[in-house]
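Chains as they are written, first to last, in the working numbering: chain A, 1 to 421; chain B, 422 to 973. Backbone N, C-alpha and C fix where the C-beta goes; we use that ideal spot for every residue, glycine too. Owing to the predicted nature of the structure, the values given are computational and were not obtained by experimental measurement. See structure below.
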Amino acid sequence: MRSISSNGSIPARVTGPDFFLPVACLLALCLLAGSAFAPRARAAQASDHQTAVSALADVQAAIAEIVTADQSGSTDKKFYYRASQRAINALEGAQGPEYVAASGSAGDAAGALGHLDALLDRKATPVWAEPLHGAEANIRAAIAHLADARHAHELWDYDIAVSRALTYLLVARGGPTELGVFGGLDGALANTELGVPDGATIADGCAEPSAPAYGVHDGYIAWVAVAAGEGTHALEENAGEQSIIVRNNMIILPTAAAAVVAKECNSHAAAQPSPASRPIATAAVSSPAKSPVPALYTKAQAAAGAQVFASKCVLCHGANLQGTAAPSVAGTDFLKTAKNNGWTLEVIRYLVFNDMPFNAPASLSPTEYADVLAFLLASDCYPAGGTPFPTADDPAFASVKLGPVPGVHPGENSFGVCPNS
Amino acid sequence: MTLREQLTAGVACLAPAALGLSAFLCLGAGTALAQSTPNPSDFLNAASDPANWILPAKSYSGNHYTPATQITPQNVSGLHLAWKTTLDDPGPMENSPIIYNGTMYVTTAHDHVYALDAATGKVKWEFTDNPHVIAFAANRGIGLVDGNVYIGTLDGHLIALNADTGQKVWDKVTVADTANSFYTMAPVPYHDPNSGKDWLLVGVSNGDWGGNGNITAYNPQDGSVIWSWGSIPGPGEPNHDSWGGDSWKRAGGSMWGGVTIDPTTQTMYLNVGNPTPDFLATVRPGDNLYTDSMVALDISGAQPKLKWYHQFIPHDTHDWDPPMQPILFTGKVGNTEEKLVATGDKAGNYWLLDATTGNLVDHTAVSFQKGQDTPPSLTGNYACPNTLGGVEYQGGAYDPATNAVLLPSQNECGFWTADKDAVYVAGQFYIAGAFPKLVGPNTGQMNAIDVTSGTFDWRHHFDLPNYGGALATASGLVFSGNLGGTENAFDTQTGNILWSYDTGAYIQAPSEAYEVNGQEYIVVASGGAGNAAIPELPATGQSSIVSAFTLK
Numbered sequence: 001m002r003s004i005s006s007n008g009s010i011p012a013r014v015t016g017p018d019f020f021l022p023v024a025c026l027l028a029l030c031l032l033a034g035s036a037f038a039p040r041a042r043a044a045q046a047s048d049h050q051t052a053v054s055a056l057a058d059v060q061a062a063i064a065e066i067v068t069a070d071q072s073g074s075t076d077k078k079f080y081y082r083a084s085q086r087a088i089n090a091l092e093g094a095q096g097p098e099y100v101a102a103s104g105s106a107g108d109a110a111g112a113l114g115h116l117d118a119l120l121d122r123k124a125t126p127v128w129a130e131p132l133h134g135a136e137a138n139i140r141a142a143i144a145h146l147a148d149a150r151h152a153h154e155l156w157d158y159d160i161a162v163s164r165a166l167t168y169l170l171v172a173r174g175g176p177t178e179l180g181v182f183g184g185l186d187g188a189l190a191n192t193e194l195g196v197p198d199g200a201t202i203a204d205g206c207a208e209p210s211a212p213a214y215g216v217h218d219g220y221i222a223w224v225a226v227a228a229g230e231g232t233h234a235l236e237e238n239a240g241e242q243s244i245i246v247r248n249n250m251i252i253l254p255t256a257a258a259a260v261v262a263k264e265c266n267s268h269a270a271a272q273p274s275p276a277s278r279p280i281a282t283a284a285v286s287s288p289a290k291s292p293v294p295a296l297y298t299k300a301q302a303a304a305g306a307q308v309f310a311s312k313c314v315l316c317h318g319a320n321l322q323g324t325a326a327p328s329v330a331g332t333d334f335l336k337t338a339k340n341n342g343w344t345l346e347v348i349r350y351l352v353f354n355d356m357p358f359n360a361p362a363s364l365s366p367t368e369y370a371d372v373l374a375f376l377l378a379s380d381c382y383p384a385g386g387t388p389f390p391t392a393d394d395p396a397f398a399s400v401k402l403g404p405v406p407g408v409h410p411g412e413n414s415f416g417v418c419p420n421s
Numbered sequence: 422m423t424l425r426e427q428l429t430a431g432v433a434c435l436a437p438a439a440l441g442l443s444a445f446l447c448l449g450a451g452t453a454l455a456q457s458t459p460n461p462s463d464f465l466n467a468a469s470d471p472a473n474w475i476l477p478a479k480s481y482s483g484n485h486y487t488p489a490t491q492i493t494p495q496n497v498s499g500l501h502l503a504w505k506t507t508l509d510d511p512g513p514m515e516n517s518p519i520i521y522n523g524t525m526y527v528t529t530a531h532d533h534v535y536a537l538d539a540a541t542g543k544v545k546w547e548f549t550d551n552p553h554v555i556a557f558a559a560n561r562g563i564g565l566v567d568g569n570v571y572i573g574t575l576d577g578h579l580i581a582l583n584a585d586t587g588q589k590v591w592d593k594v595t596v597a598d599t600a601n602s603f604y605t606m607a608p609v610p611y612h613d614p615n616s617g618k619d620w621l622l623v624g625v626s627n628g629d630w631g632g633n634g635n636i637t638a639y640n641p642q643d644g645s646v647i648w649s650w651g652s653i654p655g656p657g658e659p660n661h662d663s664w665g666g667d668s669w670k671r672a673g674g675s676m677w678g679g680v681t682i683d684p685t686t687q688t689m690y691l692n693v694g695n696p697t698p699d700f701l702a703t704v705r706p707g708d709n710l711y712t713d714s715m716v717a718l719d720i721s722g723a724q725p726k727l728k729w730y731h732q733f734i735p736h737d738t739h740d741w742d743p744p745m746q747p748i749l750f751t752g753k754v755g756n757t758e759e760k761l762v763a764t765g766d767k768a769g770n771y772w773l774l775d776a777t778t779g780n781l782v783d784h785t786a787v788s789f790q791k792g793q794d795t796p797p798s799l800t801g802n803y804a805c806p807n808t809l810g811g812v813e814y815q816g817g818a819y820d821p822a823t824n825a826v827l828l829p830s831q832n833e834c835g836f837w838t839a840d841k842d843a844v845y846v847a848g849q850f851y852i853a854g855a856f857p858k859l860v861g862p863n864t865g866q867m868n869a870i871d872v873t874s875g876t877f878d879w880r881h882h883f884d885l886p887n888y889g890g891a892l893a894t895a896s897g898l899v900f901s902g903n904l905g906g907t908e909n910a911f912d913t914q915t916g917n918i919l920w921s922y923d924t925g926a927y928i929q930a931p932s933e934a935y936e937v938n939g940q941e942y943i944v945v946a947s948g949g950a951g952n953a954a955i956p957e958l959p960a961t962g963q964s965s966i967v968s969a970f971t972l973k
């Protein structure tokens with residue numbers, strides 16, 4: 001009888017014969033799920049995978065420690081202080097400045113930060129570096145609040161500090177359905193090569209699975225395939241799957257990274273068309289539909305922004321916007337650099353609103369900043385429209401990549417700068 | 422090799438044994454016998470030559486001291502403008518002119534190079550460049566060797582120009598990452614006695630943009646790398662653990678303040694820049710070696726080896742690095758003559774170290790300091806000096822007659838804010854915050870610091886920053902320009918100003934002394950204010966100007 005049970009907080013279990021992977025189980029959460037506690041095997045030199053698993057275990061242990069203390073109902077301050085310290089110890093490890101040996105640790109000697117340090121301290125920058133960086137930052141923030149909790153005067157001070165710490169730890173732990181920083185350690189293990197257990201079979205993530213394996217491509221796990229059939233198949237890590245595909249006698253669990261990998265696989269395929277599919281007529285090669293250049297500001301704003309520029313920016317950036325002491329801010333040189341460096345509108349917006357003028361950053365009014373952004377966009381030949389450039393930040397700006405605007409622009413000068421009216 | 426074989430070889434170096442000389446004399450292929458560029462013994466003896474100025478800080482010692490004595494405290498009031506040349510590239514002027522055999526080579530903010538007649542200021546040739554500017558447009562000068570003028574550019578090129586004609590000889594991109602790396606410092610020629618080869622020493626500017634600093638020796642013939650020394654220890658290297666996690670990968674530590682060399686011990690002294698991200702130090706737990714340090718390198722082998730380091734500010738949170746070329750000198754501490762090396766930093770400190778061991782001899786605060794133990798917060802807080810304050814890159818001098826170090830310093834406070842996190846964006850500052858908002862007082866002073874006691878012989882106050890460095894003369898004068906545009910001559914003993922001249926543009930470059938046909942001149946560059954602009958600056962011209970002064 002086949003059955004699949006999946007629950008967000010426990011390792012997924014898939015029934016089937018023969019394909020049993022050891023379950024790495026963690027303290028309180030495992031006990032809740034009713035599965036056996038399997039002590040982690042200690043290799044002489046831990047693999048990246050084991051180190052990441054240990055880091056996650058330490059974070060989970062810290063969370064469990066403070067959650068348990070919270071549920072205890074104790075009225076003894078020392079009980080809560082000790083719980084905070086044990087959580088700190090699990091996060092920092094014995095080398096950390098806040099470590100206090102007497103309290104013991106909810107985790108292991110290296111601590112989550114010790115494990116993260118071992119993973120990040122290398123020349124290469126794998127795709128899992130970003131979520132681990134985020135986890136590290138969040139763990140440090142949590143430690144700061146746990147340190148406060150250690151000498152809270154009243155229980156409600158303790159609760160506030162621990163709640164703050166808990167929010168950071170939950171982000172550091174993350175979840176298997178997210179990539180990047182919000183996926184945290186759980187997401188990194190679910191979606192990147194960090195989650196491939198030692199000795200497991202690895203296949204190309206762009207290909208269809210033909211045997212039980214982890215489908216890996218460009219550092220991401222795209223899918224996990226287990227053999228279909230009677231029995232229990234336990235997975236070492238959460239796969240974060242949104243769906244389960246049964247095909248070719250395989251049970252395939254696509255991860256949250258599957259979409260990212262599919263995109264990369266397609267771009268590889270497009271770069272090298274197989275001879276059989278090469279079009280005979282060159283006109284058959286399709287180009288992606290050109291997305292229209294967005295209209296991001298109004299003409300009135302650009303005119304007002306010209307005044308702001310003339311009074312606050314021109315000394316360093318030049319009346320022709322090509323820079324005297326500072327870089328160019330519009331025109332061919334600026335847009336070429338923006339394109340090469342992958343600058344988005346968000347990058348420039350942040351720089352201007354927060355770091356400019358250079359010697360008096362963030363000193364202008366939001367309206368002045370919005371106006372000068374409008375002026376710069378106009379000078380870069382971006383079209384004006386009905387919607388003003390907002391004073392508040394817009395998350396959509398992170399998707400607007402800056403670069404030369406195609407087409408002919410009336411009035412464009414030799415620097416590639418367009419008039420603002 | 423016979424002497425004849427040596428002479429007919431491509432680059433012939435005549436060994437001392439053959440000629441009984443105490444230094445090498447090298448003839449580069451194709452150079453005329455009336456040399457247009459200095460030879461190795463010229464560089465080694467630069468400090469004792471009043472006529473030429475062939476290294477950015479006069480000699481390898483970094484001591485802006487001239488043996489010229491024609492201009493004295495008694496006659497300096499008669500100093501007048503000999504010539505003033507306006508150059509056609511506006512921007513801040515940070516240039517230290519290189520002057521040899523009557524030709525002066527100057528550079529402007531966008532990497533134009535001009536050869537001027539040193540007696541008249543007439544332009545002999547101009548090389549025009551148009552580099553992309555990553556952040557700051559500035560160039561601090563050229564290197565002159567092997568028949569060529571060498572410049573490092575804002576877009577990461579090393580360019581060789583023929584010294585006589587200004588024609589390009591070769592042009593090479595020599596930075597590892599053009600998105601975040603560029604050059605401003607003057608390349609420094611050095612003849613390595615062990616290999617017999619000439620080196621061109623350049624440090625890359627990339628520290629505040631997410632790169633790691635290095636000093637590299639290039640072959641002047643073609644720009645190929647001879648050796649490179651990085652300031653940030655990688656995995657497995659000593660002191661790598663002073664960087665938490667992988668923060669060492671974008672660590673800063675640029676070395677663009679100039680190169681001091683002791684040829685007798687084959688030791689190179691370098692100041693190392695600040696760690697990054699500048700204002701969010703939680704990203705990089707640890708002391709962050711070797712940022713904000715002076716390092717002494719043994720350059721006698723194929724690869725430099727670290728002899729000692731002295732870190733001035735561990736785990737810097739405010740971009741308070743020591744940006745100037747170290748001043749190496751033999752001075753008196755009490756009754757003992759000692760080999761010493763002096764520097765200042767942007768935190769407003771003067772440091773005096775034992776040149777052999779790197780041990781601290783003296784530390785004196787030379788600027789108003791406040792809030793230096795508190796990192797920039799998210800909501801913002803005050804600290805002094807700001808990044809334009811303290812002691813800046815123009816350097817200073819040691820005067821043996823008064824046993825004093827002459828060094829200007831600035832009092833500028835700032836309001837800093839840090840970001841919640843540090844995000845690297847190619848081509849942008851990697852500082853996790855904003856450069857500080859200027860809050861005043863924006864004043865400066867010229868300091869004379871007694872080497873024995875570390876106290877001030879005198880201080881001369883200015884209402885504006887004094888970024889002109891210090892040129893000391895054997896006749897008892899100190900020359901330094903004030904940001905407002907005035908070039909001043911001080912009496913070295915008393916600090917009284919004996920002569921002033923308003924150049925008509927802002928000064929943030931060191932002064933120099935040279936001679937043509939036995940006549941002494943003082944020269945200084947002035948130009949736009951650039952990012953040194955403060956609200957108190959009086960309006961003046963902003964053209965790029967070179968002004969030369971003389972008695973006759």
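A:H151 has its alpha-carbon roughly 55 angstroms from the corresponding atom of B:G949. No Cβ of chain A is located within less than 8 angstroms of the beta carbon of B:A503.
In this model, B:V826 and B:G674 are separated by some 26 angstroms (Cα to Cα). Shown here for A:I88: same chain residues with a beta carbon closer than 6 angstroms to its own, the five before and five after excluded, namely E98, I143, L146 in chain order. From the listed residues B:V609, B:V590, B:N660, B:D532, the smallest Cα separation to B:I475 is found for B:V609. Boundaries of the alpha helix (DSSP H) harbouring A:D157: 155–173, taken from the DSSP string.
For chain A, the residues of the segment 923–956 of chain B that bring a beta carbon within less than 8 angstroms of one of its beta carbons are G949, A950, G951, N952, A954, I955, in chain order.
Excluding the 5 residues flanking it on each side, A:Q301 has same chain C-beta neighbours closer than 7 angstroms at A370, D371, A374, P388, F389, in chain order. In terms of Cα proximity to A:L376, the closest of A:S414, A:A319, A:A330 is A:A330. Under the Cβ distance rule, A:G323 counts among the residues neighbouring chain B, one pair being separated by less than 8 angstroms. Taking the C-beta atoms as reference points, B:G854 is found nearer than 8 angstroms to B:P797. Boundaries of the beta strand (DSSP E) around B:G624: 619–624. When DSSP states are grouped into helix, strand and coil, B:F856 belongs to the strand group.
Of the candidates B:Y730, B:D912, B:V534, the residue whose Cα lies closest to the Cα of B:A559 is B:V534.
By the criterion of at least three beta-carbon pairs nearer than 8 angstroms, the segment 590–605 of chain B is in contact with the segment 837–850 of chain B. Close to chain A, meaning a Cβ-Cβ distance shorter than 8 angstroms, is no residue of the segment 475–502 of chain B at all. By a beta-carbon distance limit of 8 angstroms, B:P459 does not contact B:L621. Their separation comes to about 13 angstroms.
Taking CB atoms only, B:A847 has a neighbour in chain A less than 8 angstroms away.
Setting aside the 5 residues that flank it on each side, B:K479 is surrounded in the same chain by A467, A468, H485, Y486, T487, E933, each with a C-beta closer than 8 angstroms to its C-beta; the list follows chain order.
With contact defined as three or more Cβ pairs closer than 8 angstroms, the segment 707–719 of chain B and the segment 511–528 of chain B are not in contact. Annotation: A:N320 to B:G707 spans about 44 angstroms, alpha carbon to alpha carbon.
The segment 531–546 of chain B makes contact with the segment 501–512 of chain B, as at least three CB pairs between them are under 8 angstroms.
Contact between the segment 962–969 of chain B and the segment 936–953 of chain B is present: 3 or more CB-CB pairs across the two stretches fall below 8 angstroms.
A contact between stretches requires three or more CB pairs, one per stretch, nearer than 8 angstroms, and the segment 807–824 of chain B meets this requirement with the segment 743–750 of chain B.
Interface criterion met: the Cβ of B:K858 is under 8 angstroms from a Cβ in chain A. Beyond the five residues adjoining it in sequence on each side, A:F334 comes within less than 6 angstroms, by CB distance, of S328 in the same chain, given in chain order. In terms of CA proximity to B:P725, B:I636 leads the group B:I636, B:G632, B:H531. Assigned with DSSP and collapsed to three states, B:D662 falls in helix. The beta carbon of B:V566 sits no closer than 8 angstroms to any beta carbon of chain A.
In the three-state scheme derived from DSSP, where H, G and I count as helix and E and B as strand, B:E941 is classed as strand. Pairwise C-beta distances place the segment 726–746 of chain B in contact with the segment 768–784 of chain B, as three or more of them are shorter than 8 angstroms.
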